[in-house]
Amino acid sequence: MQGPKGTYDVLPPDQPLRESVVDAARRIFHVSGYGRICTPTFEDTSLFERGVGPSSDIVRKEMYSFTDKGGRSLTLKPEGTAPVVRAYIQHGMHRLPQPVKLWYFERMFRFERPQAGRYREHYQLGAEAIGSGDPALDVELIMMLAGLYETLGVPAVELRLSSMGDGNCRPAYAGRLDSFLESVLPRLCRDCRERARINPLRVFDCKNESCLSLLKAAPFLVDNLCQQCQEHFDSVTGLLDRFGVGYRIDGTLVRGFDYYTRTTFEFECARLGAQKGIGGGGRYDGLVEEIGGPGTPAAGFGTGLERIVMALKTEGGEPEGEAVDVFIIGLGQKARELAILQLAALRTLGISADIDYAGRKAKGQMKQADRLGSRFAVIIGDDEIEVGEASVRDMGNGEQERVEFPLLSDYLKERLTPGV
Ligand SMILES: [Zn+2]
Ligand SMILES: [Zn+2]
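Residue 229 in the working numbering sits at position 70 of the sequence shown, and the numbers go up by one each step.
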């Protein structure tokens, strides 16, 4: 048997690197005042139809939707923002001091063609700041995500920045884009011709090289902003300049959701090959109202855990698995009983410890201690029991010492946490 197409298992050796990513994110969210939110794995399908937009690729092609036994149409969440906004409205968070700042670490589901670092079930870290239109908040989010990549050492990261404008400037721009698309329509791919009909801005989502080169001559929204949107954009770039954050303004950057307004951004990692996007987000001032709440400006980002892990692996090679601090080798029945008691004592002190459960001989147990990456091996045999001392071997340098049984756990604790 194999897992379903586009899914993967996370085995113990893969965990430390993933956990270090989540831990780093958790620290950044904490110091920036974001509280964690968990939302359900599935939502009403209509939430995503309204929230993500019926013309987006996600809603048109990529959702895992099903009808439950009560006849409701439900969807495994394909993205994190609409559920968070739904929760914001449902729990009356607009009555809290604004903005409300939330972060999440959740599984997302999309029916996409599986490729390197992209899965049908994947894990995403994200943050949403709901209830403020301040451009400084856009910059806070960009800086958090940039800080995460920097802390982790993600190599070759570049920031693309653009603006999607708003209801004020987008209609006039849409007219300009329409007439441009009409002039190149026969040369565009079939997907693009359909996009041009349903939601022309989506043509910039196309990954087809020939379409992309045609679209280079298209008018861009970021060059056609109204005064308020231009001022907002100038504030964002001004602050990024002050912070010394590098970015490239790119008019073809259109995030794959209909709800974005004004600032959009995407981080790319050049080491990831053709699919360089590693995380991004932007402002979505219309979404809260779209989902049934009061008109509320907001912004956020999401970044895929798998993409980060992949980028880190291009730099540092394969990560090592979880190592154990102490391996206890008990030789003989009586020694084994003592070893089991010592094992519990060490674990109570927070020291990771293990023993043999496979009936190995002395040599096999020593080998196992080595395989698990143990810092110390504790050897208990007849000899040791007679004098009331265990032999403690430092697996790093091979040095061996005798330690009285009652002092053993304190001795190891001290050796494992030097300077305390
Ligand atoms: Zn505008
Ligand atoms: Zn195309």
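The beta carbon of each residue, even a glycine, is placed where N, CA and C say it ideally should be.
Since this is a predicted model, take the numbers as computed values, not measurements.
Runs of the beta strand (DSSP E) lying entirely within the stretch 272-316 and spanning at least 3 residues, in chain order: 280-289. Annotation for residue 339: the continuous alpha helix (DSSP H) segment containing it runs 329-343. The straight-line gap separating the alpha-carbon atoms of residue 533 and residue 500 is approximately 19 Å. Beta-bridge annotation (DSSP): residue 428 is paired with 316.
Counting along the chain, residue 507 sits inside the alpha helix (DSSP H) bounded by residues 492-507.
The secondary-structure analysis by DSSP pairs residue 267 across a beta bridge with 281.
Here residue 536 is bridged, per DSSP, to 486, 552. Distances from the alpha-carbon of residue 422 to those of 321, 200, 407 put 321 closest.
Between residue 223 and residue 235 a beta carbon distance of about 4 Å is seen, short of the 8 Å cut, so the two are scored as contacting. The C-alpha of residue 279 is placed about 12 Å away from the C-alpha of residue 162.
DSSP places residue 470 in the helix class (H, G or I) of the three-state scheme.
Taking 7 Å as the cut-off, the beta carbon of residue 355 is found no closer than this to the beta carbon of residue 374. Just so you know, the alpha carbons of residue 324 and residue 390 end up roughly 11 Å apart. Taking a cut-off of 8 Å on C-beta distances, the stretch 288-297 does not touch the stretch 167-175, as fewer than three cross pairs fall below it. With a beta-carbon spacing of about 4 Å, residue 285 and residue 239 fall inside the 8 Å limit used to define contacts.
Excluding its 5 nearest sequence neighbours in each direction, residue 513 has C-beta neighbours in its own chain below 7 Å: 483, 486, 531, listed in chain order. When C-alpha distances from residue 358 are compared across 495, 432, 213, the shortest belongs to 213. In the DSSP assignment, residue 233 falls outside any alpha helix (DSSP H) and within the unbroken beta strand (DSSP E) covering 232-235. Excluding five sequence positions before and after residue 259, the CB atoms of its chain that fall closer than 7 Å to its own CB belong to 247, 252, 289, 290, given in chain order. Secondary structure of residue 542 (DSSP, three-state): helix.
Residue 404 and residue 232 have their C-alpha atoms spaced approximately 44 Å apart. At a Cβ-Cβ threshold of 7 Å, residue 446 and residue 425 do not count as neighbours. Nearest neighbour of residue 497 by Cα position, chosen from 526, 461, 537, 469, turns out to be 537. An exposed status is given to residue 346, since fewer than 16 other beta-carbon atoms sit within 10 Å of its beta-carbon.
In the DSSP annotation of this structure, the continuous segment of the alpha helix (DSSP H) that includes residue 248 starts and ends at 240-249. Ligand 2 never approaches residue 364 closely enough for any of its heavy atoms to be under 6 Å from the residue's Cβ.
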